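Protein chains in written order, with the numbering used here: chain A, 1 to 324; chain B, 1001 to 1505.
Structure representation (structure tokens):
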């Protein structure tokens, strides 16, 4: 019915089709074990993509998140190694830092009327540099609490493991859906992405909204960093290089318009899972080089960009048809 | 009076946009605000909606002195505005647009069902039954405009400003919007209506206020004003006084047309017209703002190409599908707004002059520096461009000299047909005369020129023939001794006898 939901349906259809094709070749892929692993392996990406979705919906972009994830890992590892703080206290401190970092970028973007691309590019180097400053080596995390986190899972039917970090990702998506679709803040984000000038005329508080958008992205990047440190059990300043671009790809494959204003949070989850599925297939196959992941993702991205262009043209076509 | 404005004054560097303007709006009336470009209409509206802060005077709304500092504040005070461009968000649903900023919430979250119901109720008042869950962008501009009105009324409720709300609607859609406006008038809203379409003004408004050069000229009941009187007020000249003697000598009636347009038109922009242009002829386009003068020029130059009809010269058909194609056919176009469309302010005079020439030659055949210098010096001398050096950025020149640089650029191309849109706007009297003299020189050398101007005296002075436009149609063609201020005014004002192309759809 609504034309803007079309990319979302396309995303879901592509995911189901891909899953079906994989299932034809490897029936085992339809098991809770594989699905549990899909969630666990992509938890950090899913969480950071939720933040990125909101940023892109607002018409912006956040290039800093990959570096922020790396910084988070190193920060946690170094703090646990050098201080006696409990991991939960370290997490709280870290989330405050990354949220503040995001908010600061948002304020700069609005106050200086700078393109988000440049401001977050600077943020990307800053965060990466800060990670190097803490440690250039990979720092292992050894803390009993981490063992608890890593071993926390719920055994599903069929012996699949729904891990804590997988659940955390699903919760992040759910929270993201509520924020984007059911709050005034969320509608303001869509409004900004639809047209800044008009949004201002309609009463959107632009500065506050932009600050909150990037703060939220920073928060999600910090959370993603925590999840990543649990997943890898270490902090390494060279980790997650280019993750911001993977996240952007997941958002676009999830059906969100890269220029802002249209898209669904749920689509991002499907986008992340689609990318994870491709990787899983390649592992299952065994003979394919992992570079095929990148190639397939590239093709998918292209398909979605073309799809969105076609939809835009369709919309404009109906416009002139009705007005002329 | 729901709103009264007393001696409102607003100045910008170099100009006084509003000079002690009074304006009254009663509840339950549609009050039209008219004036040509630069008359001060939009400044008045921007002061009212808080986009500008006024320099002096007072505004009283419902007995309260007001001083809005933003459109949101004006809205809260009770002044809502609907613009020509729909100022809603096409990517949100109709309901979200209507309720934006006032969403009903339960437990802190937006209650979608209540939002939907409230939106439906709002629209029911306007007789609009549409699916409020669809994107706004999927509806026609007329429906979007009604939704914008509904939102503005719901937010403000005292004064509604309609700033050319019908500019992109066809006749049937205009009627639809007007029905809504009439309903609101009956409900006791005060409505300010800005439009270029005089028919619509007579159709809808109860009173009219005319502004010219930042001053209020007249406020009168629409029924007491004739069309001619209204246009006289807007253009500021009276029919009886014969200002200019005709400068053009008797044109040769048998001068052959070297460019010929037949049935040339574009739906929704300009109704099809026939036009022949002879070598060395100056054709003037007259008409009120929004009558289709600039649109005619843009169509001929391929900015918005024609959809019907043909263009040909003595050798055969012309291809005018884009500006590049038109340039290749030897056409030139100096647009109205030279600041945004004509000059590149940061480039030097020399660079601006060779710009179009280099574009036509292509990047493979650069114009040598010596040649560039020669061209620049040549035109600076010929057009008497006042500058210290040919390397001076064009942005630092005066308006008249900037206009000469634009002219020089086209002259360097040696076009056979040059279109000048408002060539003397915003330049001083001396430069004004020089530009007119230049146009004469060009035509003596065999070039054909089309001049678009709001100033009737200027057209009388420069044109051999004047085409009069009204409501996007060519309605009259005056030649020879009939090119007088009187005749032009009469043609602009005359009630359209054949309405076939009022707003071509």
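Each residue gets a CB set at the ideal place from its N, CA and C atoms; glycine is no exception.
Since the structure is predicted, the reported quantities are computational estimates derived from the model, not experimental observations.
Identify which residue in the options has its Cα closest to the Cα of residue i.
| i | options | result |
| --- | --- | --- |
| residue 1027/B | 1346/B, 1151/B and 1063/B | 1063/B |
| residue 1276/B | 1268/B, 1300/B, 1370/B and 1267/B | 1300/B |
| residue 164/A | 52/A, 212/A, 224/A and 269/A | 224/A |
| residue 1165/B | 1156/B, 1279/B, 1175/B and 1157/B | 1175/B |
| residue 1404/B | 1178/B, 1066/B, 1316/B and 1384/B | 1384/B |
| residue 276/A | 15/A, 7/A and 6/A | 15/A |
| residue 1198/B | 1371/B, 1179/B and 1229/B | 1229/B |
| residue 131/A | 208/A, 240/A, 6/A and 196/A | 240/A |
| residue 257/A | 55/A, 25/A, 21/A and 149/A | 55/A |
| residue 1382/B | 1115/B, 1263/B, 1407/B and 1325/B | 1407/B |
| residue 33/A | 268/A, 286/A, 168/A and 162/A | 162/A |
| residue 1123/B | 1153/B, 1392/B and 1259/B | 1153/B |
| residue 1310/B | 1262/B, 1186/B and 1465/B | 1262/B |
Apart from the five residues on each side of it in sequence, which residues of its chain come closer than 6 Å, Cβ to Cβ, to residue i?
| i | result |
| --- | --- |
| residue 1322/B | 1302 |
| residue 300/A | 253 |
| residue 138/A | 234 and 236 |
| residue 23/A | 29 and 30 |
| residue 172/A | 47 and 50 |
Given that residue i touches chain D, what residues does it touch there, using C-beta distances under 9 Å?
| i | result |
| --- | --- |
| residue 178/A | This model lacks chain D altogether; the protein chains it does include are A and B. |
Quick one: using the 10 Å Cβ neighbour count with 16 as the cut-off for buried, is residue i buried or exposed?
| i | result |
| --- | --- |
| residue 1075/B | buried |
| residue 1298/B | buried |
| residue 117/A | exposed |
| residue 1346/B | exposed |
| residue 281/A | buried |
| residue 1242/B | Here residue 1242/B scores only 38 on pLDDT, less than 50, and its place in the model is too uncertain to base an answer on. |
| residue 86/A | exposed |
| residue 202/A | buried |
| residue 1489/B | buried |
| residue 297/A | buried |
| residue 1034/B | buried |
| residue 309/A | exposed |
| residue 62/A | buried |
| residue 1500/B | Note on residue 1500/B: pLDDT 39, under 50, position unreliable in the model; the coordinate value appears next. Counting Cβ neighbours within 10 Å, residue 1500/B comes out exposed, since fewer than 16 surround it. |
| residue 1314/B | exposed |
| residue 1041/B | buried |
Please go through the same chain and pick out, in chain order, the residues whose beta-carbon is closer than 7 Å to the beta-carbon of residue i, but skip the five residues on each side of it.
| i | result |
| --- | --- |
| residue 272/A | 42, 45, 46, 49 and 250 |
| residue 1009/B | 1018, 1019, 1020, 1054, 1055, 1056 and 1057 |
| residue 1016/B | 1214 |
| residue 293/A | 278, 279 and 282 |
| residue 135/A | 74, 78 and 237 |
| residue 1287/B | 1293, 1468, 1469, 1470 and 1492 |
| residue 1217/B | 1210, 1211 and 1233 |
| residue 1070/B | 1050 |
| residue 1204/B | 1030, 1178, 1181 and 1193 |
| residue 6/A | 311 |
| residue 1244/B | With a pLDDT of 43 at residue 1244/B, under the threshold of 50, the modelled position of that residue is not reliable, and no figure is offered here. |
Can you list, in chain order, the residues of its chain with a C-beta nearer than 8 Å to that of residue i? Leave out the 5 residues immediately preceding and following it.
| i | result |
| --- | --- |
| residue 1360/B | 1327, 1328 and 1413 |
| residue 1307/B | 1265, 1266 and 1267 |
| residue 1065/B | 1058 and 1059 |
| residue 17/A | none |
| residue 1373/B | 1350 and 1390 |
| residue 305/A | 252 and 258 |
Contact list for the stretch 166-194 of chain A against chain B, Cβ threshold 9 Å:
178, 181, 182, 183, 184, 186, 187, 188, 190, 191, 193 and 194
Proximal residues, the stretch 192-220 of chain A versus chain B, C-beta separation under 9 Å:
193, 194, 195, 197, 198, 199, 200, 201, 202, 203 and 204
Counting only Cβ-Cβ distances shorter than 7 Å, please list the residues of the stretch 254-275 of chain A near chain B, keeping chain order.
261 and 262
Alpha helix (DSSP H) runs wholly inside the stretch 1388-1467 of chain B, at least 4 long, in chain order
1399-1412, 1429-1444 and 1456-1462
With 7 Å as the C-beta to C-beta threshold (strictly closer), list the residues of the stretch 1220-1239 of chain B near chain A in chain order.
none
List in chain order: all unbroken beta strand (DSSP E) runs of 3+ residues lying wholly within the stretch 1004-1079 of chain B.
1015-1025, 1030-1034 and 1056-1061
When Cβ atoms are compared, which residues of the stretch 1086-1097 of chain B fall closer than 9 Å to chain A?
1086, 1087, 1088, 1089, 1090, 1091, 1092, 1093, 1096 and 1097
Output the residue ranges of the alpha helix (DSSP H) runs that lie fully inside the stretch 1294-1332 of chain B and measure 4 residues or longer, sorted by chain position.
1323-1328
Where are the alpha helix (DSSP H) runs, 4 residues long or more, that stay fully inside the stretch 1076-1115 of chain B, in chain order?
1094-1099
Would you list, in sequence order, the uninterrupted beta strand (DSSP E) runs of no fewer than 3 residues that lie entirely inside the stretch 1163-1233 of chain B?
1190-1194, 1207-1212 and 1215-1221
Residues of the stretch 1135-1147 of chain B whose Cβ lies closer than 7 Å to any Cβ of chain A, in chain order
1135, 1137, 1138, 1140 and 1141
Anything in the stretch 1262-1275 of chain B with a Cβ closer than 7 Å to a Cβ of chain A? List those residues in chain order, please.
1267 and 1268
Interface residues of the stretch 1295-1309 of chain B facing chain A [CB-CB below 7 Å]
none
Could you name the residues of the stretch 1060-1072 of chain B whose beta carbon sits closer than 7 Å to any beta carbon of chain A, in the order they occur along the chain?
1071 and 1072
Ordered list of alpha helix (DSSP H) runs contained in the stretch 146-185 of chain A, each at least 4 residues
164-182
If you measure beta-carbon to beta-carbon, which residues of the stretch 1471-1487 of chain B are closer than 8 Å to chain A?
none
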